[in-house]
Amino acid sequence: MNKTFAFTSLLLAFFISILNTTNINIVLPIMIDVFQTDLKTVTWVLNAYTIAFAVFLLTAAKLADQFGRKRAFMIGVLVFTITSLLLGFSQSIKIFIVLRIVQGLSAAIIVPVVAPLMLALVTKDKVPLVTGVMGGLGALAAAIGPLLGGVLTEKLDWQWVFYINIPFGIIIIILGYLGIKESFDSTVSKRIDYLGVLTLSISIFSLVFAFVQVNDLGWGSPYIIGLVLICMISLLFFIFLEKHVREPMLPLWLFKNIKFSSCNVTMLFVAIGMMSTMVVFPLFLQQVIGRNPMDSGFFLAIYAFGSMAASILSAPLTKKIQTRTLIITGLLLSTLGTYLLTYLTLQSPTWDYIWRLLVNGAGLGMILAPLTTKIILEVPTEKVTIANGVSNVARNIGTALGVAIMSAVMNFMFNGLNLHDMTNMTSAYHDTFKFSCLFFLLAAFSALGIGRGKFIEEQNKKAKGES
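Position 264 (the sequence shown) corresponds to 269 in our numbering; numbering is contiguous.
Next comes the structure, spelled out in structure tokens:
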């Protein structure tokens, strides 16, 4: 019974943390009227959460390892739930954005500890199944987020996009308290690497903030260049510090493992490539095809459904197929699915959209679950939290960079075009889809470093080595 409570609590927490990044998009236009503000200001409701989440991920992972993963999880869920209530009551856009920062910080506490807490409940041969279920659940949250946001707004009010988190939060806290066992990284002390936290936070903040601002200011802006320089200097200082402190915030020796490093580079490129479907495709639907936002939400749900199904089905495949082969197959499938979007026109029937998005989503599902499994298995058990934090940072930086790159490519493609000429507009979007395929191919190249071996074979080798 305790395991059931623990699994339910952890999966629900992971679900709402993903849901909260997608269901809010539908209410942004309403918030412009409610708070009497403009679109540029309202977009910071999204940006504030994204930046806070990315910046605090590794710090939260390290603190959880030091002071208790269950404790961190419970605090994260409690803060997430309280901020959801306060967001619904908020009467000022400035206070709203501050609360979104706090909510992003709380999500950064929750996400990296879910995997290690779940893995403590199962044997190692069940790791692919756990990551497959988590991948499927994440895809489901992404799929129903916009639809749920639309239904809650229409039937109740826009604040219910946040209020819906409250009953979930209460259930998660009760079940988590009853079912989850406390765990730590026994190899580290409780000494906090303050300089490491500071320099890494500055580095990640500067980079993500630059990507968020680049479309308004331009890639050649002194402000953007300055932020990138701050990022690089802070990162170099961080690496220097981590090599000389007794208790480093991030164990750099993890990156000496080529397989682990290759997994994270692959994750970065995949996140960039995904933005062609997540960002460019909805714009194509609305600006060229003439679909409404709800139609866009429906088609993205199809994409996420394909990812969810493939993510769950890929778990047993890891016992029969080499992990690297499975991931590269998924990357090639995502490349194909994205390229097939270039054949969509005003005359294309709905089914043509659906099967292309299913192919694209299936490729993504075949990538993320095995990739997450590989990252977890390439580090010692006590380092799973920090390793999971690294992969999430790679994914979030890739997402921010992907939005910036796709926006820059679209601006280049649209330069000088008559925006009412649908033939040229269609061609420009198709060229953007083709360009985005490059990142899946780069991911496939980096995945070559992941190494060979089926999951069971790798576990047997490790077992023999330990004995």
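Virtual Cβ for every residue (Gly too), placed ideally from N, Cα, C.
Distance, residue j Cα to residue i Cα
i	j	result
residue 96	residue 40	7 angstroms
residue 118	residue 303	31 angstroms
residue 380	residue 348	36 angstroms
residue 341	residue 192	44 angstroms
residue 332	residue 94	44 angstroms
residue 391	residue 66	5 angstroms
residue 377	residue 164	34 angstroms
residue 366	residue 350	20 angstroms
residue 226	residue 447	27 angstroms
residue 443	residue 105	34 angstroms
residue 79	residue 195	19 angstroms
residue 69	residue 206	17 angstroms
residue 355	residue 299	14 angstroms
residue 89	residue 166	9 angstroms
residue 100	residue 236	28 angstroms
residue 372	residue 249	36 angstroms
residue 476	residue 411	For the chain, the structure presents residues 6 to 472; residue 476 sits outside this window and is missing.
residue 32	residue 161	12 angstroms
residue 430	residue 440	15 angstroms
residue 30	residue 387	37 angstroms
residue 74	residue 339	35 angstroms
residue 312	residue 345	17 angstroms
residue 13	residue 231	45 angstroms
residue 7	residue 184	4 angstroms
residue 419	residue 84	43 angstroms
residue 175	residue 280	33 angstroms
residue 445	residue 278	6 angstroms
residue 260	residue 427	48 angstroms
residue 220	residue 52	13 angstroms
residue 407	residue 413	10 angstroms
residue 252	residue 77	20 angstroms
residue 72	residue 187	10 angstroms
residue 370	residue 335	7 angstroms
residue 224	residue 114	32 angstroms
residue 155	residue 296	16 angstroms
residue 87	residue 181	17 angstroms
Per-residue burial, residue i [other beta carbons within 10 Å of its own, 16 or more giving buried]
i	result
residue 198	buried
residue 140	buried
residue 9	exposed
residue 204	buried
residue 416	exposed
residue 353	exposed
residue 11	buried
residue 383	buried
residue 375	buried
residue 28	buried
residue 286	buried
residue 49	buried
residue 402	buried
residue 190	buried
residue 434	buried
residue 385	exposed
residue 257	exposed
residue 393	buried
residue 179	exposed
residue 263	exposed
Rounded distance between the beta-carbons of residue j and residue i, thought under 8 angstroms
i	j	result
residue 35	residue 43	About 14 angstroms separates the two Cβ atoms, so there is no contact after all.
residue 15	residue 122	6 angstroms
residue 54	residue 108	6 angstroms
residue 124	residue 135	6 angstroms
residue 148	residue 309	3 angstroms
residue 58	residue 112	5 angstroms
residue 216	residue 409	4 angstroms
residue 56	residue 214	6 angstroms
residue 120	residue 284	With a Cβ gap of about 27 angstroms, residue 120 and residue 284 do not count as contacting.
residue 483	residue 343	In the structure as shown, the chain begins at 6 and stops at 472. Residue 483 is therefore absent and cannot be evaluated.
residue 359	residue 326	In fact, because the Cβ distance is near 27 angstroms, the residues do not count as touching under 8 angstroms.
residue 133	residue 305	With 8 angstroms as the limit, residue 133 and residue 305 do not qualify as a contact, their Cβ atoms being about 26 angstroms apart.
residue 46	residue 98	6 angstroms
Heavy atom of the ligand GDP within 7 angstroms of residue i beta-carbon
i	result
residue 355	No copy of the ligand GDP occurs in the structure displayed, which carries no ligand at all.
- Message: Does the structure place the segment 396-410 close enough to the segment 60-69 that three or more beta carbon pairs sit under 8 angstroms?
- Response: Touching, per the Cβ criterion.
- Determine contact between the segment 12-26 and the segment 133-149, defined as no fewer than three beta-carbon pairs at a distance below 8 angstroms. Under the three-pair Cβ rule at 8 angstroms, the segment 12-26 counts as touching the segment 133-149.
- Query: Taking contact to mean at least 3 C-beta pairs separated by less than 8 angstroms, is the segment 256-271 in contact with the segment 442-454?
  - Reply: Contact between the segment 256-271 and the segment 442-454 is present, because at least three Cβ pairs lie under 8 angstroms.
- Message: Across the segment 287-302 and the segment 125-134, are there enough close Cβ pairs to call them in contact, namely three or more that are closer than 8 angstroms?
- Response: Inter-segment contact for the segment 287-302 and the segment 125-134 is absent: fewer than three beta-carbon pairs are separated by less than 8 angstroms.
- Task: Spell out a yes or no on whether the segment 228-248 and the segment 206-217 are touching, meaning 3 or more CB-CB pairs, one atom from each, closer than 8 angstroms.
- Result: Segments in contact, yes.
- Decide if the segment 144-153 is in contact with the segment 305-323; the criterion is three or more beta carbon pairs, one per stretch, under 8 angstroms apart. With the cut-off at 8 angstroms, the segment 144-153 and the segment 305-323 touch.
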